[in-house]
Amino acid sequence: MKTTHYLLILLIALAAGWTTSAPDAWAQTPRPKISTSVDRPRDSVRAELQNGRVRLIAKKDLGWPGGRTHFVEGLEGRCVGLFVGNIGLDTDPFLCMLMEDGGVEIISHASLGVWSDFSYRHFTSSGRLPGLKHIVGFYEDTVVDGPVCSCGIFATDRDGHQHEVKSCSRPVGQISHQAGDRQHLLLIYPDWTMKYIVSQPRGNCLYEYFGRLRSIKRDYKNNTFDFRYDMLTRTAYPGELGAGASPKTSPCTESGSFRMVENEKEGEWGYDMTVLSGTIDFGTKQGASARYK
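According to the numbering used here, the sequence shown holds residues 1181 to 1473 in order.
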């Protein structure tokens, strides 16, 4: 019954753009939208639905393995609607995927290799975003934070209430920590995904984890950010398996949490990472933090 109910709402939204029993709540906001395909002229990637899956098509060569077509991986259910918009101060496209039960998952174009900020691309969705339920559509609007104005995506639920679709904004990008003869590389993507890579000198990769992040606490005043992580896969490389061995990726259920404190030391900005829980040490020593920059 629930699935039928949400599909009915979806069909109404697709046909009329939007409907609700409380028009006064949204009369001043843009009409929420969803579609079975999205393709903005300025974007490097377009997307379309295919039997509940999301098919990505690169409009230029982005170096994707296997060609210019790839499906979004890790969706937690069947996708029934798409929306693309920007989040943040820069033009940073996010693909919003409306699921059959009214939940929402996203993937950032940054994860797909559109920007050079990330040397490792991936195609895995964010998983279900917390706080977004019974959603029927999306729209873009301006987010005002004091003197700063930025782009934002908002999700509208079946009762006409608006919810901002949050991205991971700090920390984000590639940061690393050197501990002895090992380099620890941490990539935090805007769509709440992460990759942690451990290698030896000259790029001899040992192993890597890939997973998802969720915010526990964001204290912008003190530049302190606490995250929970849930790893999805672990890949072992020849540096760990032995020369000549092929990389081996296995499912992983490691989970835990860490704290990142942004500060300046010796004229250089970076992050002090402290492990709060879990067995992955991220290059830290027991009871101490590791400097990532």
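Ideal Cβ positions, reconstructed from N, Cα and C, are used throughout, including at glycine.
Can at least three beta-carbon pairs, one atom from the segment 1345–1358 and one from the segment 1378–1390, be found at a separation below 8 Å? Touching, no.
According to DSSP, what are the bridge partners of residue 1413? For the purposes of this step, residue 1413 is identified with residue 233 of the sequence shown, where counting begins at 1. Residue pairing by DSSP puts residue 1413 in a beta bridge opposite 1390 and 1431.
Quick check: the Cα distance between residue 1404 and residue 1443, rounded to an integer number of angstroms? Position 224 of the sequence shown holds residue 1404. Position 263 of the sequence shown holds residue 1443. Whole-angstrom Cα-Cα distance: 9 Å.
With a threshold of 16 other CB atoms inside 10 Å of the CB of residue 1388, please say whether the residue is buried or exposed. Here residue 1388 is taken as the residue at index 208 of the sequence shown, counted from 1. A residue is called buried when at least 16 other Cβ atoms come within 10 angstroms of its Cβ; residue 1388 meets this threshold and is buried.
Quick check: the segment 1227–1239 against the segment 1255–1275, are at least 3 beta-carbon pairs closer than 8 Å? Taking 8 Å as the limit for Cβ pairs, the verdict is that the segment 1227–1239 does touch the segment 1255–1275.
Hey, is the segment 1279–1288 in contact with the segment 1359–1377, meaning 3+ C-beta pairs nearer than 8 Å? With a cut-off of 8 Å, the segment 1359–1377 and the segment 1279–1288 count as touching, because enough Cβ pairs lie within range.
Going by C-alpha to C-alpha distance, which of 1317, 1274, 1454 and 1299 sits closest to residue 1478? There is simply no residue 1478 to check, as the chain begins at 1181 and stops at 1473 in what is shown.
Would DSSP call residue 1419 helix, strand or coil? Here the question's residue 1419 lines up with position 239 in the sequence shown. The three-state secondary structure of residue 1419, taken from DSSP, is helix.
Per-residue burial, residue 1425 [other beta carbons within 10 Å of its own, 16 or more giving buried]: One-based indexing of the sequence shown puts residue 1425 at position 245. Its Cβ having fewer than 16 others within 10 Å, residue 1425 is exposed.
If you compare alpha carbons, which of 1365, 1311, 1327 and 1362 is closest to residue 1345? As a working note, residue 1345 is residue 165 in the sequence shown. It is 1311.
Assuming the contact rule is C-beta atoms closer than 8 Å, residue 1333 and residue 1276 should be a hit. Round their C-beta distance to whole Å, please. Here residue 1333 corresponds to residue number 153 of the sequence shown, with the count starting at 1. Here residue 1276 corresponds to residue number 96 of the sequence shown, with the count starting at 1. Indeed they touch by this definition, with Cβ atoms about 6 Å apart.
How long is the line joining the alpha carbons of residue 1457 and residue 1395, rounded to whole angstroms? Indexing the sequence shown from 1 puts residue 1457 at position 277. Indexing the sequence shown from 1 puts residue 1395 at position 215. Those two C-alpha atoms are separated by around 14 Å.
Can you give me the Cβ contacts of residue 1235 inside the same chain, cut-off strictly under 7 Å, excluding the 5 residues immediately before and after it? The residue labelled residue 1235 in the question sits at position 55 within the sequence shown. Excluding residues within five positions, the ones whose Cβ falls inside 7 Å are 1227, 1228, 1249 and 1251.
Taking only three categories from DSSP, how would you classify residue 1439? Taking the first residue of the sequence shown as position 1, residue 1439 is located at position 259. In the structure shown, residue 1439 adopts extended strand secondary structure according to DSSP, grouped into three states.
The beta strand (DSSP E) enclosing residue 1261, as first and last residue numbers: Your numbering for residue 1261 matches position 81 in the sequence shown. Membership of residue 1261 in the beta strand (DSSP E) is indicated by the continuous run 1259–1266.
Pull up the distance between the alpha-carbon of residue 1240 and that of residue 1219, whole angstroms please. Here residue 1240 refers to the residue found at position 60 of the sequence shown. Here residue 1219 refers to the residue found at position 39 of the sequence shown. Cα to Cα, the separation comes out at about 13 Å.
Whose CA, out of 1302, 1417 and 1472, lies closest to the CA of residue 1430? Within the sequence shown, the letter at position 250 stands for residue 1430. From the listed residues 1302, 1417 and 1472, the smallest Cα separation to residue 1430 is found for 1417.
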